Every structure is written in C-alpha cells, then in structure tokens.
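**Q**
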Amino acid sequence: MPTDAFLALEGVRYRFPGDAAATVDGVDWAIPRGTIHCLLGRSGCGKTTLLKLAAGLLAPDAGTVRIDGAVVRGPSPRVGFVFQAPTLLEWLSALDNVLLPVSLKRRPRAADREAARDLLAAMGLGDLVERRPAALSGGQQSRVAMARALIAAPDLLLLDEPFAALDALTREELQDDLLRLCAARGTAALFVTHDIAEAVYLGDRIGVMAAGHLIHEGAVPLPRPRPAGIRYEAAFGAACRRLRAIMDGPSPSVGRAA
Amino acid sequence: MRARLASALLLAGLLIAWEAWCRSGRVSPLVLPAPSGVAETLWGEVASGRLWPHLRVTVTEMALGLAAGTGLGLGAGVLLAEWPALHRVLRPYVLASQLVPKLALGPLLILWFGFGLTPTVVITALICFFPLFENTLTGLQQVDPASRELFRMLGASRGQTLLRLKLPAALPVILAGFRVAIVLALVGAVVGEFVGGRQGLGASIIAAQSVMDSSLIVALFVVITGLGMVFYEAARGLEALILRRYARG
Numbered sequence: 001m002p003t004d005a006f007l008a009l010e011g012v013r014y015r016f017p018g019d020a021a022a023t024v025d026g027v028d029w030a031i032p033r034g035t036i037h038c039l040l041g042r043s044g045c046g047k048t049t050l051l052k053l054a055a056g057l058l059a060p061d062a063g064t065v066r067i068d069g070a071v072v073r074g075p076s077p078r079v080g081f082v083f084q085a086p087t088l089l090e091w092l093s094a095l096d097n098v099l100l101p102v103s104l105k106r107r108p109r110a111a112d113r114e115a116a117r118d119l120l121a122a123m124g125l126g127d128l129v130e131r132r133p134a135a136l137s138g139g140q141q142s143r144v145a146m147a148r149a150l151i152a153a154p155d156l157l158l159l160d161e162p163f164a165a166l167d168a169l170t171r172e173e174l175q176d177d178l179l180r181l182c183a184a185r186g187t188a189a190l191f192v193t194h195d196i197a198e199a200v201y202l203g204d205r206i207g208v209m210a211a212g213h214l215i216h217e218g219a220v221p222l223p224r225p226r227p228a229g230i231r232y233e234a235a236f237g238a239a240c241r242r243l244r245a246i247m248d249g250p251s252p253s254v255g256r257a258a
Numbered sequence: 001m002r003a004r005l006a007s008a009l010l011l012a013g014l015l016i017a018w019e020a021w022c023r024s025g026r027v028s029p030l031v032l033p034a035p036s037g038v039a040e041t042l043w044g045e046v047a048s049g050r051l052w053p054h055l056r057v058t059v060t061e062m063a064l065g066l067a068a069g070t071g072l073g074l075g076a077g078v079l080l081a082e083w084p085a086l087h088r089v090l091r092p093y094v095l096a097s098q099l100v101p102k103l104a105l106g107p108l109l110i111l112w113f114g115f116g117l118t119p120t121v122v123i124t125a126l127i128c129f130f131p132l133f134e135n136t137l138t139g140l141q142q143v144d145p146a147s148r149e150l151f152r153m154l155g156a157s158r159g160q161t162l163l164r165l166k167l168p169a170a171l172p173v174i175l176a177g178f179r180v181a182i183v184l185a186l187v188g189a190v191v192g193e194f195v196g197g198r199q200g201l202g203a204s205i206i207a208a209q210s211v212m213d214s215s216l217i218v219a220l221f222v223v224i225t226g227l228g229m230v231f232y233e234a235a236r237g238l239e240a241l242i243l244r245r246y247a248r249g
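Protein sequences, first through last, are from chains E and X.
The first sequence finishes on residue 258 if you use UniProt numbering, and the numbering steps up by one all the way, no holes.
The second sequence finishes on residue 249 if you use UniProt numbering, and the numbering steps up by one all the way, no holes.
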C-alpha cells in the first residue's frame with residue numbers, strides 16, 4: 001500500500017443490522033491524491049456501502065478508514081459526495097444549490113457566488129444559474145450536483161453511479177466534465193459504477209468488488225488524456241473484456257481465498 | 001370563462017326553479033322560504049346592522065381557533081416527527097383525542113369556560129389541530145432519504161436540516177392541511193355556537209329556529225357559505241404567496 005494514500009481503507013468490514021453476511025467484508029484499498037479510482041461491481045456487491053464507509057456516513061464494524069492519515073469518524077468537509085440521484089433542493093436555483101455546502105456554514109460571500117458561477121460555467125450551465133431544478137434536464141441536474149460537491153474544494157470526490165440514469169451521449173459529456181475538473185483542481189475521486197466501459201474510460205486504477213470483497217485491483221493500461229474515440233480502440237476493448245472476465249469468472253469464494 | 005358562465009347560469013336556473021316552486025303554493029313558506037324572501041331578509045339584516053356583531057363573533061372564533069389549532073398542530077407535528085420515540089408514546093393519545101366527537105365535548109367545555117367565545121374557540125382549535133398535525137408529520141417523514149444523507153454529508157445540524165430541508169420540502173403538504181383546517185374551522189365555529197354560543201352566526205341560526213324563521217336561517221346559510229369562500233380563497237392566496245416566495249430561495 002502506497003504511503004501517500006489520501007484515502008486508505010484498512011480491513012474495513014460492515015454488516016447491516018439483521019443481515020446474515022457482511023456487506024463489506026475486509027476491504028483494503030488506498031487512493032493517492034489526484035488519482036481517479038473506479039470501483040466496479042454488480043448491483044448488491046457492496047460498492048455503495050463501501051463508498052458510504054469512505055464518506056463517514058457509515059461506521060465500519062471492523063477496520064479503519066483514514067483520510068490524510070486521520071481516522072474518519074464522520075463526514076468530512078474535505079470529501080465531496082455525489083449521489084446516485086442529483087438530490088437538488090427543488091425550491092432553490094441552480095446557483096443556490098451549488099452554494100448549499102457554503103451557506104450551511106456561513107452567509108455566502110460575493111467570492112463564493114463567483115466560484116459557484118465559474119463551476120457552473122465550466123460545465124456549460126453559465127446561462128442557467130438562476131433556473132430551478134425542475135427547469136433543468138437530467139444531465140444539467142447532474143452537473144449542478146457535481147458542482148455542489150466541488151464548491152468546497154474537496155481533496156476527494158466520492159461518486160455513487162452519478163451518471164447511471166443518463167443517456168449514453170450525455171453520460172460521455174459528464175465523464176469528460178468530471179475528468180477535466182478533477183485534473184484542473186487536483187481532486188482525487190472514487191467512482192462507483194457497474195458500467196465497465198465507464199470505469200475503464202475514467203479510472204487510473206480499477207477495483208472489482210463481488211460479495212463484499214475486493215476481488216481485483218489494477219491499473220488501467222491506457223494513456224492520459226483519453227479522447228472520446230479511445231472507446232473504439234482495441235486496447236480499450238481488451239481492457240473491458242479482461243474486467244468482464246474477472247467479474248464473471250472467479251466466484252466470490254475464490255476471491256476470498258485470494 | 002365558459003365554465004364560470006355555465007356555473008352562473010346553473011345558479012340562476014336553480015334559483016328561478018326554486019322561486020317558481022315556492023310561488024306555486026305547493027309548499028309552505030315556513031318549510032321552504034322563496035329566494036326573494038331570503039334576499040329580503042338578508043338585506044334587512046345587513047341594512048339594520050343586526051348581522052355585523054354576529055359575523056364579527058364568528059370570524060373572531062374562527063380566526064382564534066384556526067390560529068391556535070394550526071399552531072399547535074404544526075408544533076406537535078414537528079415535535080413528533082423529530083422524536084420518533086415520543087411519536088410512538090403519544091400517537092394513541094393524539095388519535096384518541098381526535099376520535100372523540102368534539103361537539104360532544106361542548107357541554108363539558110361550557111362547564112369549564114362558561115358561555116361565550118372560549119368554548120367555541122377551543123372546539124374550533126381542536127378540530128383544526130388534526131389536519132395540520134397529520135400533514136406536518138407526514139410531510140416531514142416523507143422527505144427523500146438521499147437528501148437527508150446529503151445534509152449529513154454536509155455536516156448540517158439537526159436544526160438546519162429541519163429548517164432548510166425538511167420544512168421547505170414538506171411545505172406543500174403542510175399548506176394543503178391548512179386549507180382543510182380553514183374549512184373545518186368554519187364548521188367548528190358555527191356548530192360550536194349551536195352548543196354554547198350566545199352570539200355569532202351559529203347562535204343566530206338557533207335563535208331563528210326557535211321562532212321558526214326559516215327565511216332567516218337560509219339567509220344565515222348564505223352568509224356562512226360566503227364567509228367560508230372568503231377564508232378559503234384567502235388561504236389559497238396565502239399559499240401561492242408562500243410557495244412563490246420560498247421558490248426565490
């Protein structure tokens with residue numbers, strides 16, 4: 001495990017009260033600053049639970065979660081979370097939704113508004129800042145949610161299948177927005193998805209999870225930056241096929257032994 | 001517009017049919033007064049000034065009962081939504097208090113508070129309590145769990161979560177409860193006066209009944225209906241205003 005890990009999961013275990021088996025069963029993983037890690041797995045494999053453990057929204061039964069060396073005991077302002085649904089407050093404008101993390105701490109200043117406007121403009125929503133969520137498309141709402149997670153300049157972004165409900169082209173645009181913003185701000189990301197191509201396109205490294213275990217972890221053998229067309233290249237397809245074989249192949253019990 | 005015209009025409013048609021039926025002499029004016037007679041009585045009450053003190057009393061009872069009942073209902077709804085343990089303990093009592101026919105409490109309330117405004121205000125408040133309580137509780141409990149998790153993630157305090165997420169999200173449901181309470185407040189005030197009122201529109205109906213003045217009774221119905229419509233429309237206006245202001249954030 002690299003010592004410069006920003007987020008470190010050490011033997012993390014979590015069982016929901018009333019469940020027979022642990023949902024997350026002894027996961028070790030480390031995410032260095034400024035890198036994008038994708039967590040891939042079928043639905044119900046425990047990846048969202050792992051993300052909530054990393055966020056401090058759940059407390060592990062065993063093991064520790066560290067952020068920048070300190071044990072996580074609850075949600076931290078240094079970590080931004082993007083939920084599966086945009087979860088925007090429908091009575092606030094796009095701008096005020098982005099400012100929510102600030103306005104919960106103090107009255108937003110002109111500089112905060114400027115920063116929120118810049119973030120929205122960077123995602124092509126410069127003209128829509130006063131619109132309310134009902135007047136935005138699904139892709140635009142997801143962008144507002146991403147801007148909200150970034151407004152407090154977190155060191156780490158945790159994303160729980162944020163683009164799963166979007167159409168394919170919009171999803172690709174948002175993936176590029178995410179890559180661009182993370183690179184520009186040096187933000188690390190842990191991105192949970194069940195979409196293999198999404199994981200390969202976004203990730204520096206990919207972890208595969210099954211039945212509560214991290215059954216595989218490895219680097220993505222593709223250069224950066226990745227143009228949109230890379231999705232149709234042989235190396236991309238090969239990487240996807242290899243991951244698919246891992247997801248299909250070893251049963252969780254083999255994974256536990258590994 | 002066309003629907004309004006049709007409504008007005010329907011009303012005119014009904015009034016004409018009613019008038020014709022009464023003038024045909026097949027029904028005693030004691031049983032069913034003609035609309036023209038009712039209008040005359042109503043005008044007499046208005047012009048002589050006899051109506052106003054009664055109207056003022058009923059409006060006062062309604063407003064006080066509504067304010068007390070909705071305030072308590074809102075407060076209790078928030079309290080029980082925020083403390084589920086309290087909810088589990090108190091729920092049967094709240095339900096029981098609402099299942100008691102509140103008008104049956106009238107004689108007891110008169111013993112406690114005497115004749116006059118207070119028993120009617122208490123009955124009205126008891127009636128208005130439940131829709132606000134129930135809608136506030138339901139509205140607060142229905143807040144999207146993902147949004148609550150968002151507020152947790154952002155380190156929001158309990159008070160912030162209540163004021164900036166739960167109450168605004170529940171506002172449409174709470175205001176719908178308020179509209180129901182308005183209608184019930186009128187019923188509470190008028191029927192409360194039946195039991196213990198000396199003044200007010202409901203008390204006037206009882207007085208008119210004792211002298212078999214059916215024309216006055218119907219005239220009072222008209223006033224009560226008009227009063228209800230004014231209050232209901234005012235509530236709708238208030239609702240639109242609040243929702244729009246909240247929209248601006």
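For each residue, glycine too, the CB sits at the ideal point set by N, CA and C.
What you are looking at is a predicted structure, and each value in this text was computed from that prediction instead of being measured.
Do the segment 157-168 of chain E and the segment 138-147 of chain E touch if we need at least three Cβ pairs shorter than 8 Å?
**A** Taking 8 Å as the limit for Cβ pairs, the verdict is that the segment 138-147 of chain E does touch the segment 157-168 of chain E.
**Q** Please state the DSSP three-state secondary structure of residue 263(E).
**A** There is simply no residue 263(E) to check, as chain E begins at 1 and stops at 258 in what is shown.
**Q** Reducing DSSP to helix, strand and coil, say where F133(X) ends up.
**A** If DSSP states are grouped into helix, strand and coil, F133(X) belongs with the helices.
**Q** What residues are listed by DSSP as bridge partners for C38(E)?
**A** In DSSP, C38(E) forms a bridge with F191(E) and I206(E).
**Q** Ignore the nearest five residues each way along the sequence and tell me which others in F191(E)'s own chain have a CB closer than 6 Å to its CB.
**A** Cβ within range, chain order: C38, L159 and L202.
**Q** Give the single residue among E198(E), G34(E), L100(E) and T23(E) whose Cα lies nearest to the Cα of G44(E).
**A** Ranking E198(E), G34(E), L100(E) and T23(E) by Cα distance to G44(E) puts T23(E) first.
**Q** Can you give the Cα-Cα distance for L66(X) and A110(E), rounded to whole angstroms?
**A** Each residue's alpha carbon lies about 43 Å from the other.
**Q** Count the other CB atoms, across all protein chains shown, that sit within 10 Å of the CB of W29(E); report buried if there are 16 or more and exposed otherwise.
**A** That one is buried.
**Q** When you compare the CB of F81(E) with every CB in chain X, is at least one pair closer than 8 Å?
**A** Yes - at least one Cβ of chain X is within 8 Å of the one on F81(E).
**Q** So, is D96(E) buried or exposed, given that buried needs 16 or more other C-beta atoms within 10 angstroms?
**A** D96(E) should be labelled buried.
**Q** How many Å lie between V82(E) and A235(X) at the Cα?
**A** V82(E) and A235(X): Cα-Cα distance of roughly 39 Å.
**Q** Could you check whether the Cβ of R256(E) sits closer than 8 Å to any Cβ belonging to chain X?
**A** Caution applies to R256(E), whose pLDDT of 41 falls short of 50 and renders its modelled position unreliable; the value that the coordinates give is listed next. Output row for R256(E): interface = no.
**Q** Could you spell out the range, first to last residue, of the alpha helix (DSSP H) harbouring L32(X)?
**A** Run containing L32(X): none; DSSP gives neither H nor E here.
**Q** I want to know whether the segment 56-74 of chain E touches the segment 135-142 of chain X - three or more CB-CB distances under 8 Å.
**A** Short answer: they don't touch.
**Q** Only counting the same chain, and skipping five residues up and downstream in sequence, which positions put a Cβ closer than 6 Å to that of residue 256(X)?
**A** Outside the modelled stretch of chain X, which goes from 1 to 249, sits residue 256(X), for which no answer is possible.
**Q** In angstroms with no decimal places, state the Cα-to-Cα distance between A76(X) and F133(X).
**A** Straight-line Cα distance between these residues: approximately 6 Å.
**Q** What residues of chain E sit near P107(X), judged by a beta carbon separation below 8 Å?
**A** Under the 8 Å cutoff, chain E gives no residues; its nearest Cβ is about 46 Å from P107(X).
**Q** Classify Q209(X): buried if its beta carbon has 16 or more other beta carbons within 10 angstroms, exposed otherwise.
**A** It counts as exposed.
**Q** Under DSSP, the beta strand (DSSP E) around I215(E) begins and ends at which residues?
**A** Counting along the chain, the beta strand (DSSP E) containing I215(E) begins and ends at H213 to A219.
**Q** If you measure beta-carbon to beta-carbon, which residues of the segment 142-167 of chain X are closer than 9 Å to chain E?
**A** Of all residues in the segment 142-167 of chain X, D144, A146, S147, E149, L150, F151, R152, M153, L154, G155, A156, S157, Q160, R164 and L165 have a Cβ within less than 9 Å of some Cβ in chain E.
**Q** Among T70(X), L51(X), G114(X) and A170(X), which residue has its Cα nearest to the Cα of I217(X)?
**A** Minimum Cα distance to I217(X) is reached at L51(X).
**Q** Can you list the residues of chain X that P77(E) reaches, using a CB-CB cut of under 7 Å?
**A** Within 7 Å Cβ-Cβ: G155.
**Q** With a cut-off of 8 Å on the beta carbons, I'd call L104(E) and A6(X) a contact; round off their distance for me.
**A** That pair is no contact at about 52 Å.
**Q** For L9(E), which three-state DSSP category applies?
**A** L9(E) falls in the strand class under three-state DSSP.
**Q** Mind pulling the chain X residues with CB within less than 8 Å of P101(E)?
**A** Here the neighbours are L154.
**Q** For G46(E), which residues of its own chain have a beta-carbon under 7 Å away from its beta-carbon, when the five flanking residues on both sides are left out?
**A** Excluding sequence neighbours, G46(E) sits near T23, V24, M209 and G212.
**Q** Count the C-beta pairs between the segment 148-155 of chain E and the segment 182-190 of chain E that are closer than 8 Å, then say yes if the count reaches three, no if not.
**A** Cβ pair count under 8 Å is three or more, so yes.
**Q** Assign G44(X) to one of three DSSP states: helix, strand, or coil.
**A** In the structure shown, G44(X) sits in a helix (DSSP, three-state: H, G or I).
**Q** Examine chain X for any beta-carbon lying closer than 8 Å to the beta-carbon of A55(E), and answer yes or no.
**A** Yes - at least one Cβ of chain X is within 8 Å of the one on A55(E).
**Q** By DSSP's criteria, V71(E) is part of a beta bridge. Which residues make up the other side?
**A** Its beta-bridge partners are R66(E).
**Q** With DSSP as the reference, label F81(E) as helix, strand or coil.
**A** Strand.
**Q** Hey, quick one: how far does the beta strand (DSSP E) through D160(E) stretch, first residue to last?
**A** Unbroken beta strand (DSSP E) run through D160(E): L156 to D160.
**Q** So, with DSSP's three-state summary, where would you put V24(E)?
**A** Strand.
**Q** By the DSSP assignment, the alpha helix (DSSP H) with residue 283(X) in it spans what residues?
**A** The requested residue 283(X) does not occur in the structure, where chain X is confined to residues 1 to 249.
**Q** At least one CB of chain X closer than 8 Å to the CB of L214(E): is that the case?
**A** Taking Cβ atoms only, chain X never reaches closer than 8 Å to L214(E), which makes this a no.
**Q** Note down the Cα distance separating E193(X) from A20(X), rounded to an integer number of angstroms.
**A** If you take the alpha carbons of E193(X) and A20(X), they lie about 34 Å apart.
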